[in-house]
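Student:
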Amino acid sequence: MIPSAIVYTNPFTVFPANDEANTGFLDMTKPSTSDATKPSEALSTSKIISSNEKPLKMNQCHNGPCPSCSTQIILQCRCGKSSKSISCVEAIEDDPIENPFRCKQKCKTVKSCKTHQCSRICCNLDSHQCNLVCGKILNCNIHKCEELCHSKFCHTCSLFDQEIKCHCGKTVLKPKSKCLKILQKCYFSCKREHECGHPANHWCHNDDECPPCTHPVSKMCVGKHMSFDVPCHVKIVCCRQGCGKFLPCGVHTCQRSCHSDSCQSFDQKCTQRCNIKRYKCGHKCNLVCHGSEPCPVTTCEAIIKQQQQLECDDEYRVIQENKNLTQPFSINLDAPRQLPTVYTEFLRDYAKKNLEFVQTIERQ
90 MIPSAIVYTN PFTVFPANDE ANTGFLDMTK PSTSDATKPS EALSTSKIIS SNEKPLKMNQ
150 CHNGPCPSCS TQIILQCRCG KSSKSISCVE AIEDDPIENP FRCKQKCKTV KSCKTHQCSR
210 ICCNLDSHQC NLVCGKILNC NIHKCEELCH SKFCHTCSLF DQEIKCHCGK TVLKPKSKCL
270 KILQKCYFSC KREHECGHPA NHWCHNDDEC PPCTHPVSKM CVGKHMSFDV PCHVKIVCCR
330 QGCGKFLPCG VHTCQRSCHS DSCQSFDQKC TQRCNIKRYK CGHKCNLVCH GSEPCPVTTC
390 EAIIKQQQQL ECDDEYRVIQ ENKNLTQPFS INLDAPRQLP TVYTEFLRDY AKKNLEFVQT
450 IERQ
């Protein structure tokens, strides 16, 4: 390393290497160690070597901090296979741990298992340990090796040399036969106790939980309307009757079929019509439910049937006069009138010639 010192043209004034020289500029607040040259005179005729702990570069002496170093340096990637030229400032500001320079070359080093390759980008690992699961079939020809990938032979199956029993203990798989996967069914009844207290009606099994209990029990529907015979594991029973529970309005009841959830949501309002009778006409209010509040004063829109005496016109007078005339003779004017039958000349001649045949047709 170049010794850090400030050298003046005056041969009698030399500043040794100290903190001022290492910073790259002269501290003018301190007096010179020699009276031969004043600081102002020294600045006008001096050349210094500026350090700042970066690659050295010769500059004219100046006030304030030194400018950034513009020297180009060669930076290698973390795997050492590639390099690039960057400025000294970028190299110092770059974080080699959090954001290191990486090339795009893929590592092809064979891992410890001697089967898989590394395939990392710009790999800087010293040892390439394989972290994959082996997955090879064990000596039982059923189970797979669950250890990390390795180059040696897989271990023997741990279930191969053990006596295997089912949950109830009545079905036993002897050693050296096969592994647990062969022991799939035990044809004895399950002996586990259920929370409901009913006996199990299924075969012995190795599952952690028993199948749902199917013992028939009588359960009331959620609306408390009627009871049903259902399997024990069924928790919610609903019938087809109407719910009938009072809504939050306190006036109407739920019109839905029997259900387990709430009749209406928290922010929902009753949309049924008010059935309270009006004080004057006696018809229903028929407005949207307003709860226990008094019915608003509105015009009744109910349609009614009422008989009233209408004023007669000319057509009605004619009908009334005809009715008065025919009433003594018991003639019904409303009955349909039968017009005389008209026969054609051809039909009359044919009837005269074939009277028996025509009479037969009339009788039919």
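For reference, each letter of the sequence shown is one residue, going 90 to 453 in the numbering used here.
Don't be surprised by glycine CBs; every beta carbon is placed ideally from N, CA and C.
#1: Looking only at C-alpha atoms, which of Cys384, Asp356, Ser354 sits nearest to Ile365?
#2: Flag this pair as yes or no: are the beta carbons of Cys238 and Thr204 separated by less than 8 Å?
#3: Decide yes or no for the touch test of the stretch 298-315 against the stretch 341-348: beta carbon pairs closer than 8 Å, at least 3 of them.
#4: Could you tell me how far apart the beta carbons of Pro320 and Pro305 are, in whole angstroms, since I believe they sit closer than 8 Å?
#5: DSSP three-state call for Thr260: helix, strand or coil?
#6: Cutting at 6 Å between CB atoms, please list the residues of its own chain near Cys293, excluding the five before and the five after it.
#7: If you compare alpha carbons, which of Asp318, Val178, Asn213, Arg406 is closest to Arg191?
#8: Could you pull the start and end residues of the beta strand (DSSP E) that Lys193 belongs to?
#9: Which whole-angstrom value describes the C-beta separation of Ile181 and Lys195, a residue pair presumed to lie in contact below a C-beta threshold of 8 Å?
#10: Starting from Asp350, follow the alpha helix (DSSP H) in both directions and report where the run begins and ends.
#11: My parser needs the alpha helix (DSSP H) runs of 4 or more residues fully inside the stretch 398-438; what are they?
#12: Would you check if the distance between the CB atom of Cys202 and the CB atom of Cys219 is smaller than 8 Å?
#13: Can you give the Cα-Cα distance for Cys457 and Cys302, rounded to whole angstroms?
#14: Measuring straight from C-alpha to C-alpha, what distance separates His232 and Ile253?
#15: Run through DSSP, which three-state label would Val178 get?
#16: What's the C-alpha gap between Cys373 and Leu399?
#17: How close, in whole Å, do the beta carbons of Gly380 and Cys338 come, if the pair is a contact with beta carbons under 8 Å?
#18: Using the Cβ count rule (16 or more neighbours within 10 Å means buried), how would you classify Leu221?
#19: By Cβ distance below 6 Å, which residues in the same chain neighbour Glu130 in space, the five residues on each side in sequence not counted?
#20: What residues in its chain sit with their C-beta under 6 Å from that of Ser171, if we drop five residues either side in the sequence?
#21: Could you tell me the distance, in whole angstroms, from the CA atom of Asp215 to the CA atom of Glu236?
#22: What would DSSP say about Thr342, mapped onto helix, strand or coil?
#23: If you draw a straight line from the alpha carbon of Lys441 to that of Asn411, how long is it in whole angstroms?
#24: If you draw a straight line from the alpha carbon of Pro288 to that of Phe355, how long is it in whole angstroms?
#25: For Lys197, count neighbouring Cβ atoms within 10 angstroms of its own Cβ and tell me buried if that reaches 16, exposed if not.
#26: Starting from Leu444 and walking both ways along the alpha helix (DSSP H), at which residues does that stretch end?
#27: Could you tell me the alpha carbon to alpha carbon distance between Asn413 and Asp402, rounded to whole angstroms?
#28: Tell me, which residues are paired with Gly331 by DSSP?
#29: Quick check on the DSSP output: the beta strand (DSSP E) that includes Ile210 runs from which residue to which?
#30: So, at 6 Å on beta carbons, what are the nonlocal neighbours of Ile175 in its own chain, with the 5 sequence-adjacent residues on each side left out?
Tutor: Based on what the coordinates show:
#1: Cys384
#2: yes
#3: yes
#4: 7 Å
#5: coil
#6: Cys255, His256, Cys257, Cys275, Phe277, Cys279
#7: Asn213
#8: That residue, Lys193, is in no beta strand (DSSP E); it is neither H nor E in DSSP.
#9: Incorrect: roughly 30 Å between the Cβ atoms, too far for contact.
#10: No alpha helix (DSSP H) holds Asp350; DSSP gives it neither H nor E.
#11: 403-415
#12: yes
#13: The structure shown does not extend to residue 457, since the chain spans only 90 to 453, so no value can be given for it.
#14: 15 Å
#15: helix
#16: It should be pointed out that residue 373 corresponds to Lys in this sequence rather than to Cys. Their backbone Cα atoms lie some 29 Å apart in a straight line.
#17: 5 Å
#18: exposed
#19: Any reading at Glu130 must be qualified, since the residue scores a pLDDT of 39, below 50, and its modelled position is unreliable; the value itself is stated next. Excluding residues within five positions, none has a Cβ falling inside 6 Å.
#20: Cys192
#21: 22 Å
#22: strand
#23: 43 Å
#24: 43 Å
#25: exposed
#26: 444-452
#27: 17 Å
#28: Ser346
#29: No beta strand (DSSP E) contains Ile210, which DSSP labels as neither H nor E.
#30: Leu164
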